[in-house]
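Positions 0 to 280 (numbering that gives the first Met the number 0) are the ones given, in order, by the sequence shown. Virtual Cβ for every residue (Gly too), placed ideally from N, Cα, C.
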Amino acid sequence: MVEEVSGMKEAVRGLHVIDGAGVHLNRIIGSPRVDYIDPFVLLDEFKSDDPEDYIRGFPWHPHRGIETVTYMIDGKFEHQDSKGGGGLLTPGTVQWMTAGRGILHLEMPKMSEGILWGYQLWLTLPRKDKMVPPRYQHLSAEMMPEAKSGGAAVKVISGDYGGKTGPAKTWFPISYFDVRLDTGGVFAHNVAKGMQKFVYVHTGAIILDPEGEAKEIGAGNLVVLDDGESVIVKGSDVKNGFLFFAGAPLKEPIVRRGPFVMNTREEIRQASEDFENGRLF
Ligand code: FE2
């Protein structure tokens, strides 16, 4: 059987938003441009060397019904949650937090100058797992394997690539890679049909489907991929980098309000009421 090479469904740029106590963000998913890519409901990029953009951080706030995944590339962030979890996120660290039935946390920069660069992803939990107890995974840079071949260095946060398995425990299969490509370096990955998949180019430029349509995509673009199983990406510039995501869509209704993502309006109302009555601690 000949595998179909995946092409591009759409390329979209993020939207500048201010969230938390005044943090400037590039909202890649979770905006009027891209509402959500089931089961990925939000993706924010924070990247600035101006402390005014990040210093105010994200003071105490609740979550329910999702996982929040924070990946630091540069700079330091501190997390604390109402269950006594937390930790310092240094470059290369991932914090994979399952909010489940509810948790409060704060996310504050642990630096007053220099470059802060990282990503926060939200995954909606399946209906059956919305109210699981909160869980917290602190994945240090040393825990994350790197697969190197053909001019590609792939940091595997979750899922499998090149014989390496990411350390994150997930509720359903999710692939999350940070891929760095040399000039002409090649990332080639097979994804089962029916999975959602997309890339976000963060450095340089990439060439998607180099032997076919060869579309060049520059930094700052989210590219939603079509249903071909085989993803082939080639590096075009001197330094290239992108995040790669794949996951099985849950195909359940989603209702969201701020930090809560549930399946019905009633469940959202309940989440707000539980928060107001201190039941999310
Ligand atoms: Fe949060």
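CB of residue i to nearest heavy atom of ligand 3: below 7 Å?
i    : result
H137 : Looking for ligand 3 in the displayed structure turns up nothing; the ligands present are ligand 1.
Can you find the residues in the same chain that come closer than 6 Å, C-beta to C-beta, to residue i, ignoring five residues on each side of it along the sequence?
i    : result
G211 : V4
K213 : Before going on, a small fix: residue 213 reads as Ala here, not Lys. Excluding residues within five positions, the ones whose Cβ falls inside 6 Å are I206.
V200 : I216, A218, N220 and F241
P252 : N262
H60  : P258
E112 : P50
R126 : E251 and N262
In the structure shown, what three-state DSSP assignment does residue i receive?
i    : result
K127 : helix
M194 : coil
M142 : helix
Y118 : strand
S148 : strand
E210 : coil
E106 : strand
Y35  : coil
Can you find the residues in the same chain that come closer than 8 Å, C-beta to C-beta, to residue i, ignoring five residues on each side of it along the sequence?
i    : result
R12  : R32, G219, N220 and L221
G193 : D226, A247 and P248
E228 : E2, E3, S5, N189, V190, A191 and K192
V40  : I28, G29, I65, W121, L122, T123, I253, R255 and V260
Going along the chain, which residues of its own chain have a beta-carbon closer than 7 Å to the beta-carbon of residue i, five neighbours each way excluded?
i    : result
T202 : A218, K238, N239 and G240
E215 : A204, I206 and S235
P38  : L122, T123, G246, P248 and L249
G161 : A146, S148 and V153
Y35  : I28, G29 and I253
D181 : G150 and G234
Please find out if some non-hydrogen atom of ligand 1 comes closer than 7 Å to the beta-carbon of residue i.
i    : result
T123 : no
E44  : no
T169 : no
P258 : yes
T97  : no
H188 : no
H60  : yes
H15  : no
E66  : no
H104 : yes
F57  : yes
Cβ contact (3+ pairs, closer than 8 Å) linking the segment 12-23 and the segment 37-51
The segment 12-23, when compared against the segment 37-51, does touch it at the 8 Å Cβ threshold.
Would you call the segment 107-120 in contact with the segment 60-72, where contact means no fewer than 3 C-beta pairs closer than 8 Å?
Cβ pair count under 8 Å is three or more, so yes.
Between the segment 79-90 and the segment 131-138, do three or more beta carbon pairs fall short of 8 Å?
Inter-segment contact for the segment 79-90 and the segment 131-138 is present: three or more beta-carbon pairs are separated by less than 8 Å.
Does the contact criterion of 3 or more C-beta pairs under 8 Å hold for the segment 94-101 versus the segment 142-154?
Judged by Cβ distances under 8 Å, the segment 94-101 makes no contact with the segment 142-154, as fewer than three pairs qualify.
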